[in-house]
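Encoded as structure tokens, the structure appears first; notes follow it.
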Amino acid sequence: MQLLYFAWVRERIGTGQEQVSPPAEVLTVADLVDWLSTRSDGHAAAFAEPARLRAAVDQAFVPLDTPIAGAREVAIFPPVTGG
Amino acid sequence: MIKQPIADGTSSNALTVRVLVTTNAIDLAAEHAALERGGAVATFTGLVRADDGVATLELEHYPGATEAALRRLAEEAVQRWSLDAATIVHRVGPMRPGERIVFTGAASAHRAAALEACAFLIDRLKTDAPFWKREVVDGQTRWVEAREADDHAADRWR
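Respectively, the protein sequence lines represent chains A and B. According to this note's numbering, the first sequence is numbered sequentially starting from 14. According to this note's numbering, the second sequence is numbered sequentially starting from 18.
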């Protein structure tokens with residue numbers, strides 16, 4: 014599964030993308046965030062406040078309780094601030 | 018990043034919607050001219066503000082997903098207001114105060130549809146398209162926080 018990070022999520026983790034194979038019990042984006050938080054201090058810092066995170070699964074914007082089964086690309090990022 | 022030439026103005030569905038995410042300066046005259054096909058054109062141009070001593074504004078985006086989100090918005094506007102054309106251009110990368118950061122435009126037979134659709138495009142772009150602003154002030158960088166007022170402005174079109 015390809016993961017993409019943007020803005021301060023990317024900065025705290027220290028990379029904009031990584032490839033992971035989460036275990037079977039990781040069912041949703043929220044589960045994925047919890048699981049990723051244990052990978053490094055940077056991940057823990059980026060994901061410390063899940064309420065400040067938004068996500069896209071295969072480029073579709075979704076709530077964090079969305080299942081990730083079969084997803085090829087999951088993006089995690091702060092609320093958007095364009096325009 | 019996707020770069021596309023400006024539509025040549027010939028009539029075809031493919032040219033109704035124009036979406037561009039670019040590191041280049043936004044050419045207002047060319048964008049406006051490309052929309053001049055019905056009876057009315059309404060446009061919005063956003064400029065980088067020098068709020069709180071901002072020296073540089075940097076725009077990050079989600080390549081691919083950004084263009085798709087903008088295209089969905091423009092297509093929704095064309096459907097909802099029966100537009101002749103809709104354009105969204107958004108700048109990314111570093112820019113200075115006073116520079117154009119975003120352009121939305123709608124072309125229609127009459128002014129009401131063009132004005133409403135133009136407001137819809139910029140209000141919804143603020144909440145629906147994956148862009149992130151980072152300010153450089155006194156050599157320090159900080160990410161811009163999302164504003165609740167922007168959510169409310171977008172919600173009035175749902």
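Using N, Cα and C, we set each Cβ at its ideal position, and we do this for glycine too. All of these numbers come straight from a predicted model, not from anything done at the bench.
Can you tell me which of B:A46, B:R173, B:W149 and B:F137 puts its alpha carbon nearest to the alpha carbon of A91 (chain B)?
-> If you number the second sequence from 1, residue 91 (chain B) lands on position 74. When only C-alpha atoms are compared, the closest one is B:F137.
Output yes if chain B places a C-beta closer than 8 angstroms to the C-beta of F19 (chain A); else output no.
-> In the first sequence, counting from the first residue as 1, residue 19 (chain A) sits at position 6. Judged by the 8 angstroms Cβ criterion, F19 (chain A) is in contact with chain B.
C-alpha distance - R25 (chain A) paired with R66 (chain B), whole-angstrom precision | Within the first sequence, the letter at position 12 stands for residue 25 (chain A). Within the second sequence, the letter at position 49 stands for residue 66 (chain B). In this structure, the CA atom of R25 (chain A) is about 27 angstroms from the CA atom of R66 (chain B).
Alpha carbon of V42 (chain A) to alpha carbon of L16 (chain A), nearest angstrom | What you label residue 42 (chain A) is simply residue 29 of the first sequence in a count that begins at 1. What you label residue 16 (chain A) is simply residue 3 of the first sequence in a count that begins at 1. The alpha-carbon atoms of V42 (chain A) and L16 (chain A) are separated by roughly 11 angstroms.
Taking only runs that begin and end inside the region 61-99 of chain B, name each unbroken beta strand (DSSP E) of 3 or more residues, in chain order.
-> List check, beta strand (DSSP E) in window: 71-78.
Starting from the C-beta of T33 (chain B), find all residues in its chain whose C-beta is less than 8 angstroms away, skip the five residues before and the five after it, and write them out in chain order.
-> As a position in the second sequence, residue 33 (chain B) is number 16, starting the count at 1. Answer for T33 (chain B): V95, L100, D101, A102 and A103, listed in chain order.
For the region 76-97 of chain B, which residues have a beta carbon sitting closer than 9 angstroms to at least one beta carbon of chain A?
-> Look at the region 76-97 of chain B: the residues with a C-beta under 9 angstroms from a C-beta of chain A are L76, E77, H78, Y79, G81, A82, T83, A85 and A86.
Cut-off 8 angstroms between Cβ atoms - residues of its own chain near R159 (chain B), not counting five sequence neighbours on either side | Start at 1 with the first residue of the second sequence, and residue 159 (chain B) comes out as number 142. Residues R151 and E152 of the same chain have their beta carbon placed closer than 8 angstroms to that of R159 (chain B), with the five preceding and five following residues left out of the count.
Nearest CA to the CA of W98 (chain B): which residue from B:G122, B:W149 and B:E116?
-> To locate residue 98 (chain B), count along the second sequence from 1; it is residue 81. Answer by Cα proximity: B:G122.
Among B:H78, B:A166 and B:D155, the one whose alpha carbon lies nearest that of L37 (chain B) = As a position in the second sequence, residue 37 (chain B) is number 20, starting the count at 1. Ranking the options by Cα distance to L37 (chain B), first place goes to B:H78.
With which residues is W160 (chain B) paired in a DSSP beta bridge?
-> In the second sequence, residue 160 (chain B) corresponds to position 143, counting from 1. In the DSSP output, where bridge partners are listed per residue, W160 (chain B) has B:R151.
Between M18 (chain B) and the rest of its own chain, which residues show a CB-CB distance below 8 angstroms, the 5 nearest in sequence each way excluded?
-> The residue labelled residue 18 (chain B) in the question sits at position 1 within the second sequence. Unreliable positioning characterises M18 (chain B) in this predicted model, as indicated by a pLDDT of 42, which lies under 50. The coordinate reading is nonetheless provided below. Answer for M18 (chain B): V38, T39, T40, P80 and V109, listed in chain order.
Taking F120 (chain B) as the query, report the chain A residues whose CB atoms sit under 8 angstroms from its CB, ordered along the chain.
-> Looking up residue 120 (chain B) in the second sequence gives position 103. Within chain A, no C-beta atom comes less than 8 angstroms from the C-beta of F120 (chain B); the nearest is roughly 11 angstroms away.
Check L66 (chain A) in the structure and name its three-state DSSP category.
-> Within the first sequence, residue 66 (chain A) is the residue found at index 53, counting from 1. In this structure, L66 (chain A) counts as coil in the three-state DSSP scheme.
At least 3 beta-carbon pairs within less than 8 angstroms: the region 41-55 of chain A vs the region 70-89 of chain A = Segments in contact, yes.
Through-space distance from C135 (chain B) to A57 (chain B), alpha-carbon basis | If you number the second sequence from 1, residue 57 (chain B) lands on position 40. If you number the second sequence from 1, residue 135 (chain B) lands on position 118. When rounded, the distance between both Cα atoms is 11 angstroms.
Taking C-alpha atoms, which residue in B:R175, B:H127 and B:G156 lies nearest to T144 (chain B)?
-> Numbered from its first residue, the second sequence carries residue 144 (chain B) at position 127. The residue with the shortest Cα to Cα distance from T144 (chain B) is B:R175.
Sort B:V154, B:A171, B:D168 and B:R164 by Cα distance to V71 (chain B) and report the nearest one.
-> For the purposes of this step, residue 71 (chain B) is taken as the residue at position 54 of the second sequence. Nearest of B:V154, B:A171, B:D168 and B:R164 to V71 (chain B), Cα basis: B:V154.
Return the residue from the list B:R113, B:H169, B:A130 and B:A51 that minimises the CA-CA distance to V106 (chain B).
-> Position 89 of the second sequence holds residue 106 (chain B). It is B:A51 whose Cα lies nearest to the Cα of V106 (chain B).
With a CB to CB cut of under 7 angstroms and the five nearest residues on each side skipped, what residues in its chain are close to E133 (chain B)?
-> Working through the second sequence from its first residue, we reach residue 133 (chain B) at position 116. Around E133 (chain B): W98.
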